[in-house]
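**Student:** So in full-length UniProt numbering the end of the sequence shown lands on 319, straight run, no missing numbers.
Glycine included, C-beta positions come from ideal geometry on N, C-alpha and C.
In this text, all values refer to a predicted model and were calculated from it rather than measured experimentally.
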Amino acid sequence: MRAHSGRFPGGQGGHDTARRRTALYAALAALLLGLALVTWISTDDTGRPGARPAATSDRTAPDLAGTPGAGAPADTRRPAGHSALVDNPLYATGPLMPLPCPAPELDVHEPASMKRFLNTMTDCLDDAWGRQFEEAGIPFEPPRRVYWSESGSSPCRDYPSAAGAFYCRAVKSVYIGTSDVVEKWGGNERSAVYASLLAHEYGHHVQGEAGLLEYYHDQRADEPTRVEQNAWTRKSELQANCLAGAFLGSVEVTYPLDEDDVDAILDDAAATADRADAPAEERTHGTAENSVLWLEHGLEQQAPGACNTWTVDDESVLR
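1. Spell out whether any CB of chain B is found under 8 Å from the CB atom of Arg234.
2. Compute the Euclidean distance between the alpha carbons of Tyr194 and Pro143, then round it to the nearest angstrom.
3. Just to confirm the assignment, what range does the alpha helix (DSSP H) spanning Ser191 have?
4. Considering only residues of the segment 265-315, which uninterrupted alpha helix (DSSP H) runs meet the minimum length of 4 residues and lie entirely inside it, listed in chain order?
5. Using only the heavy atoms of the ligand SAM, determine whether one of them is closer than 7 Å to the beta carbon of Ala246.
6. What number of angstroms, rounded off, separates the C-alpha of Asn308 from the C-alpha of His204?
7. Give a yes or no on contact between the segment 148-157 and the segment 118-138, applying the rule of three or more CB pairs nearer than 8 Å.
8. According to the neighbour-count rule (16 or more other Cβ atoms, all chains shown, within 10 Å of its Cβ), is Asp180 buried or exposed?
9. On a Cα-Cα basis, can you pick out the residue from Trp310, Arg319 and Val317 that is closest to Ala84?
10. Could you pull the start and end residues of the beta strand (DSSP E) that Ser173 belongs to?
11. How big is the Cα-Cα spacing for Ala162 and Pro104?
12. Can you have a look at Ala165 and say buried or exposed, based on whether 16 or more other CB atoms are within 10 angstroms of its CB?
13. In this structure, does DSSP put Gly71 in helix, strand or coil?
14. Take Glu189 as the anchor and find which of Ala221, Ala170 and Ala264 has the nearest alpha-carbon.
15. Is the distance from the Cβ of Ala210 to the Cβ of Gln302 below 8 Å?
16. So Asn241 and Trp185 are in contact, right, with Cβ under 8 Å, and what is the actual spacing, rounded?
17. Where Pro304 and Val86 are concerned, what is the direct C-alpha to C-alpha distance, given to the nearest angstrom?
18. Closer than 8 Å is the cut-off here; do at least three beta carbon pairs connect the segment 128-140 with the segment 104-119?
19. Go to Val86, then tell me how far its alpha helix (DSSP H) extends in each direction, as first and last residue.
20. Any idea if Gln132 is buried or exposed, counting beta-carbon neighbours within 10 angstroms, 16 or more meaning buried?
21. Note down the Cα distance separating Thr284 from Ala231, rounded to an integer number of angstroms.
22. On the DSSP letters alone, give me the boundaries of the alpha helix (DSSP H) that Ala244 sits inside.
23. If I measure Cβ to Cβ from residue 341 and keep anything under 7 Å in the same chain, skipping five residues before and after, which residues do I get?
24. With Gly286 and Ala273 assumed to form a contact (beta carbons below 8 Å), what rounded beta-carbon distance in angstroms separates them?
25. Exposed or buried, what is Asp268 when buried is set at 16 or more other beta-carbons lying within 10 Å of its beta-carbon?
26. Which partner residues of Ala165 appear in the DSSP bridge assignment?
27. Just verifying my parser: in three-state terms, what is the DSSP assignment at Val108?
28. With Tyr216 as the anchor, note down where its beta strand (DSSP E) starts and where it stops.
29. Give the range of the beta strand (DSSP E) segment to which Trp148 is assigned.
See the structure below:
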């Protein structure tokens with residue numbers, strides 16, 4: 001609004017101008033209040049716009065370097081400490097209840113087809129886990145997606161890396177090479193294999209959003225030897241296997257896995273486990289038997305509560 005210079009004229013004309021100005025200011029105040037209400041209504045309780053963010057363009061231990069929010073005030077709704085690990089509210093939420101997830105056909109030899117498949121499956125993961133976190137009363141932000149076709153660098157590592165996918169907690173992002181992953185998986189044409197890999201890396205994001213990654217990372221770092229650190233890492237990796245299985249089992253009606261699909265993802269779980277002859281200093285993912293066991297457990301139970309590897313103290317997580 002253009003500002004007036006000088007004084008308003010006196011008399012009746014001055015009174016009319018003052019009344020008009022008062023009415024204008026009142027209307028402007030009402031408009032500003034309305035805009036504030038609209039902004040408040042369209043923002044969820046984490047302070048983010050309610051709409052899902054757009055996708056951006058090793059199965060290994062999650063990269064935790066540069067964990068976001070260091071030094072920032074803690075969100076009191078997000079679990080922390082030992083209880084976040086062993087008694088997380090997410091464990092009490094029951095089976096996952098996602099919306100239908102009809103995945104598109106996948107041509108693994110076409111990067112665009114792989115990217116479309118990964119984005120569709122990630123939409124389903126966002127929905128399934130977003131609902132679960134809401135049930136648990138824990139704030140949840142979906143991970144960012146970096147489904148890359150050209151080499152690059154993340155805060156956690158450069159890519160391509162030794163494996164076809166990884167999760168970087170520093171930027172809450174899942175990284176998968178649309179051609180690189182197919183090459184590293186020997187050209188496997190079963191979409192379920194890539195869905196399982198994606199769901200595993202997403203499982204590390206679930207761990208982070210549930211508040212347990214920070215405590216796990218601190219405890220692992222305090223261990224004096226690599227062998228003792230690896231005992232923590234195996235439980236994290238086996239839990240991610242189970243969380244992946246829980247998701248795949250929960251979308252079975254609209255993304256069905258036939259017997260060959262199940263065999264393929266279980267074979268992949270065995271293949272990405274620790275080698276039988278690996279020294280103790282390199283055992284970070286568990287034996288092939290245990291890797292398969294926890295993925296199967298998730299497939300059958302379809303609930304995060306079935307994936308609490310942290311309170312288990314037997315051979316299913318110790319090897």
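**Tutor:** Reading off the structure:
1. Given the protein chain composition of this structure (a single chain), no chain B is represented.
2. 17 Å
3. Ser191 to Glu209
4. 288-301
5. The ligand SAM is not among the ligands present in this structure, which contains no ligands whatsoever.
6. 13 Å
7. no
8. buried
9. Trp310
10. Ser173 to Gly177
11. 28 Å
12. buried
13. Model confidence at Gly71 stands at a pLDDT of 42, short of 50, so the residue's coordinates are unreliable; what they give is reported in the following sentence. If DSSP states are grouped into helix, strand and coil, Gly71 belongs with coil.
14. Ala264
15. no
16. Not a contact, Cβ separation roughly 16 Å.
17. 12 Å
18. no
19. Gly81 to Val86
20. buried
21. 7 Å
22. Arg226 to Ser250
23. The requested residue 341 is not part of the displayed model; the chain covers only 1 to 319.
24. 6 Å
25. buried
26. Ile176
27. coil
28. Run containing Tyr216: none in the beta strand (DSSP E); it sits in the alpha helix (DSSP H), Leu212 to Asp222.
29. Arg144 to Trp148
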